[in-house]
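> Can you read through this structure? Questions will come right after.
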Amino acid sequence: MLRIASITLREIRLPLREPFQISSGTMQERRVALLELRDASGATAWSECVADATPNYTSETVETAWMAIAKWVAPRILDTPFSGPGEVHAALERDFRGHNMAKAAVEMGMWGVESERLEMPLARLIGGTREQVDVGISLGIQDSPEALVQKAGAALAEGYRKVKIKIKPGKDVAFVRAVREAYPDAPLMVDANNAFTLDDTSALEAMDDLGLMMFEQPLDWEDIVRHAELQRRLKTPICLDESITSLARAQDMVTLGAGRIINIKPGRVGGFSASIAIHDFCASHGIPVWCGGMLESGVGRAYNVALASLPNFQKPGDVSPSARYWTRDVVTPEWTMTPDGQVNVPLDRPGIGVTVDLDRIDDLTVRLERLGA
Ligand code: OSB
Ligand code: MG
Numbered sequence: 015m016l017r018i019a020s021i022t023l024r025e026i027r028l029p030l031r032e033p034f035q036i037s038s039g040t041m042q043e044r045r046v047a048l049l050e051l052r053d054a055s056g057a058t059a060w061s062e063c064v065a066d067a068t069p070n071y072t073s074e075t076v077e078t079a080w081m082a083i084a085k086w087v088a089p090r091i092l093d094t095p096f097s098g099p100g101e102v103h104a105a106l107e108r109d110f111r112g113h114n115m116a117k118a119a120v121e122m123g124m125w126g127v128e129s130e131r132l133e134m135p136l137a138r139l140i141g142g143t144r145e146q147v148d149v150g151i152s153l154g155i156q157d158s159p160e161a162l163v164q165k166a167g168a169a170l171a172e173g174y175r176k177v178k179i180k181i182k183p184g185k186d187v188a189f190v191r192a193v194r195e196a197y198p199d200a201p202l203m204v205d206a207n208n209a210f211t212l213d214d215t216s217a218l219e220a221m222d223d224l225g226l227m228m229f230e231q232p233l234d235w236e237d238i239v240r241h242a243e244l245q246r247r248l249k250t251p252i253c254l255d256e257s258i259t260s261l262a263r264a265q266d267m268v269t270l271g272a273g274r275i276i277n278i279k280p281g282r283v284g285g286f287s288a289s290i291a292i293h294d295f296c297a298s299h300g301i302p303v304w305c306g307g308m309l310e311s312g313v314g315r316a317y318n319v320a321l322a323s324l325p326n327f328q329k330p331g332d333v334s335p336s337a338r339y340w341t342r343d344v345v346t347p348e349w350t351m352t353p354d355g356q357v358n359v360p361l362d363r364p365g366i367g368v369t370v371d372l373d374r375i376d377d378l379t380v381r382l383e384r385l386g387a
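First residue of the sequence shown: 15, per our numbering; consecutive thereafter.
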């Protein structure tokens, strides 16, 4: 029986080593909400909310997620017995609309607590089968094709198994073609974060012959139908990110042919139960999935690595090592990558596999709220 007695909610500020630019904005630092959940049995676990400062990926922000957790999500689950974390998503969906990142932070934390309570590695608790996960890098928009080629080359030399290039109109074909010419056989893909429309797909058509693994979310953040039209025009597989907010949206994608690959981010879909349901559905429909990232701290990364150990996570995930993002992470050990581009799934200890550095987190904390006993 899982019964959460308290949740301590904190916000920390973590400066990125270098700014990260996507089509809708630039991030210099991450504002991260971290949760520490405590079960009535005494088991505890940390989790992370992936909402950022501004609503330019989805509509959620740190502020909205904080409010949703404090006002609705936490009160719904605190002191409430659940037979396991698998019941939590349905309960939250029944009572509250939206706020997936807020729900996910609590729901995933409850999977974390369960893994501590049952003294199992989190990856094993959720049915993970891999001992290592393939790692890709997501490169922000660069000033010039030359700068991008240099970054891509460095990433390939480091061992990354996939290079994802952020694009937007005007910073697209020439940039991606330059990387393709420099590295003819490299596993490359692009991510537009909604920057294109069906009315002008010329850049996407021009990139259709570059041997890219996929085009990630070229069109509107909620769109399925137009992506289906676009997929009919392109041979490169479309991968949906923003549009897949639930199992139902994944089913819609398959029904309408709106994409052939899904990027699963547990925060975006409301947590692990929804992620696993989408994973299983995709497995049974021949749709490969991979684990996306939200520039998580080492806490959120632990959940992504555990999730990516499920069998249908067939392509490298955006689960880069700590040093790609931070001068110093908030967990020990920090996340590292092997020279051939893999991250080891922590299977040698119960729980999420890393320990939070509480002194460091205290130093970085800008607000704290205690919910429950
Ligand atoms: O679209 O995948 C995205 C980061 C912030 C918002 C959206 C996205 C991203 C990334 C980062 O691509 C991937 C990572 O965490 O390394
Ligand atoms: Mg994306």
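Backbone N, C-alpha and C define an ideal beta-carbon position, used for all residues, glycine too. Since the structure is predicted, the reported quantities are computational estimates derived from the model, not experimental observations.
In the structure shown, what three-state DSSP assignment does L378 receive?
Taking the first residue of the sequence shown as position 1, residue 378 is located at position 364. Reduced to three states, the DSSP call for L378 is helix.
> Can you pull every residue whose C-beta falls closer than 7 Å to some heavy atom of ligand 2, listed in chain order?
My final list is D205, N207, E230, Q231, D255, E256, N277, G306.
> Tell me whether L309 counts as near ligand 1, meaning its Cβ is closer than 7 Å to at least one heavy atom of that ligand.
Position 295 of the sequence shown, counted from the first residue, corresponds to residue 309. The answer is yes for L309.
> Let me check one thing: in DSSP terms, what residues is R384 bridge-paired to?
As a first step, residue 384 must be located in the sequence shown, where it is residue number 370. R384 is bridged to T22.
> Where do the N-terminal and C-terminal ends of the beta strand (DSSP E) with L48 fall, by residue?
The count along the sequence shown starts at 1 and reaches residue 48 at position 34. Its beta strand (DSSP E) spans residues 39-53.
> Could you name the residues of the same chain whose beta carbon sits closer than 8 Å to that of L324, not counting the 5 residues immediately before and after it, in chain order?
By one-based count along the sequence shown, residue 324 stands at place 310. For L324, where only same-chain residues beyond five positions count, the Cβ hits under 8 Å are I140, G141, G142, T143, R144, I290, H293.
> Quick one: using the 10 Å Cβ neighbour count with 16 as the cut-off for buried, is Q245 buried or exposed?
Locating residue 245 in the sequence shown gives position 231, where the first residue counts as 1. Label assigned to Q245: buried.
> Can you find the residues in the same chain that come closer than 7 Å, C-beta to C-beta, to R175, ignoring five residues on each side of it along the sequence?
Sequence index remark: in the sequence shown, residue 175 carries index 161 (1-based). Closer than 7 Å at Cβ, skipping near neighbours: D148, V149, G150, P201, P330, G355.
> So, under 8 Å CB-CB, R17 and D93 are touching, yes? Tell me the CB distance rounded to an integer number of Å.
Counting from one through the sequence shown, the residue named residue 17 turns up at place 3. Counting from one through the sequence shown, the residue named residue 93 turns up at place 79. Contact holds; Cβ gap of about 6 Å.
> So E163 and V193 are supposed to be a Cβ contact under 8 Å. How far apart are they, rounded?
Position 149 of the sequence shown, counted from the first residue, corresponds to residue 163. Position 179 of the sequence shown, counted from the first residue, corresponds to residue 193. First, the residue type needs correcting, since residue 163 is Val and not Glu in the sequence shown. Indeed they touch by this definition, with Cβ atoms about 5 Å apart.
> Nearest by alpha-carbon distance to L28: which of K249, G284, L378, L254 is it?
Taking the sequence shown and counting its residues from 1, one reaches residue 28 at position 14. Nearest C-alpha to L28: L378.
> Using 8 Å as the threshold, is the C-beta distance between G112 and S287 below it?
Residue 112 sits at position 98 when you count from the first residue of the sequence shown. Residue 287 sits at position 273 when you count from the first residue of the sequence shown. Not closer than 8 Å, so no.
> Out of D371, P364, D376, point me to the one whose CA is closest to L132's CA.
Position 118 of the sequence shown, counted from the start, is the residue given in the question as residue 132. Cα-wise, what sits closest to L132 is P364.
> Can you tell which of A88, L226, C63, R90 has its C-alpha closest to the C-alpha of E77?
On the sequence shown, residue 77 is found 63 positions in, with the first residue counted as 1. For the residues A88, L226, C63, R90, the minimum Cα distance to E77 belongs to C63.
> Taking a contact to mean a Cβ-Cβ separation below 8 Å, would you say S336 touches E348 in this structure?
Reading the sequence shown from its first residue, position 322 is the one you call residue 336. Reading the sequence shown from its first residue, position 334 is the one you call residue 348. Yes. Within cutoff.
> Return yes when at least one heavy atom of ligand 1 lies under 7 Å from the C-beta of S289, else no.
As a first step, residue 289 must be located in the sequence shown, where it is residue number 275. Outside the cutoff, so no.
> Evaluate G184 with the Cβ neighbour count: other Cβ atoms within 10 Å of its Cβ, from every protein chain shown; 16 or more gives buried, anything less gives exposed.
Working through the sequence shown from its first residue, we reach residue 184 at position 170. So G184 ends up on the exposed side.
> What would DSSP say about F210, mapped onto helix, strand or coil?
Your numbering for residue 210 matches position 196 in the sequence shown. Residue state, collapsed to three classes: coil.
> Between the Cα of A65 and the Cα atoms of E128, V345, G281, which residue gives the shortest distance?
Against the sequence shown, residue 65 aligns to sequence position 51. The shortest Cα separation from A65 among E128, V345, G281 belongs to G281.
> D266: which of L248, L372, K249, H299 sits nearest, CA to CA?
Position 252 of the sequence shown holds residue 266. Comparing Cα-Cα distances from D266 to each of L248, L372, K249, H299, the minimum goes to H299.
> Rounded to whole angstroms, what is the Cα-Cα separation between R247 and G367?
As a working mapping, residue 247 is identified with position 233 in the sequence shown. As a working mapping, residue 367 is identified with position 353 in the sequence shown. Near 44 Å, if we compare the C-alpha coordinates of G367 and R247.
> Could you tell me the alpha carbon to alpha carbon distance between S37 and L233, rounded to whole angstroms?
Translated into positions along the sequence shown, residue 37 becomes position 23. Translated into positions along the sequence shown, residue 233 becomes position 219. If I take the Cα positions, the gap works out to 12 Å.
> Would you kindly check if the distance between the Cβ of C305 and the Cβ of A322 is under 8 Å?
Indexing the sequence shown from 1 puts residue 322 at position 308. Indexing the sequence shown from 1 puts residue 305 at position 291. Closer than 8 Å, so yes.
> For A242, which residues in the same chain have their Cβ closer than 7 Å to its Cβ, ignoring the five residues on either side in sequence?
As a first step, residue 242 must be located in the sequence shown, where it is residue number 228. Hits under 7 Å: L270, G271, A272.
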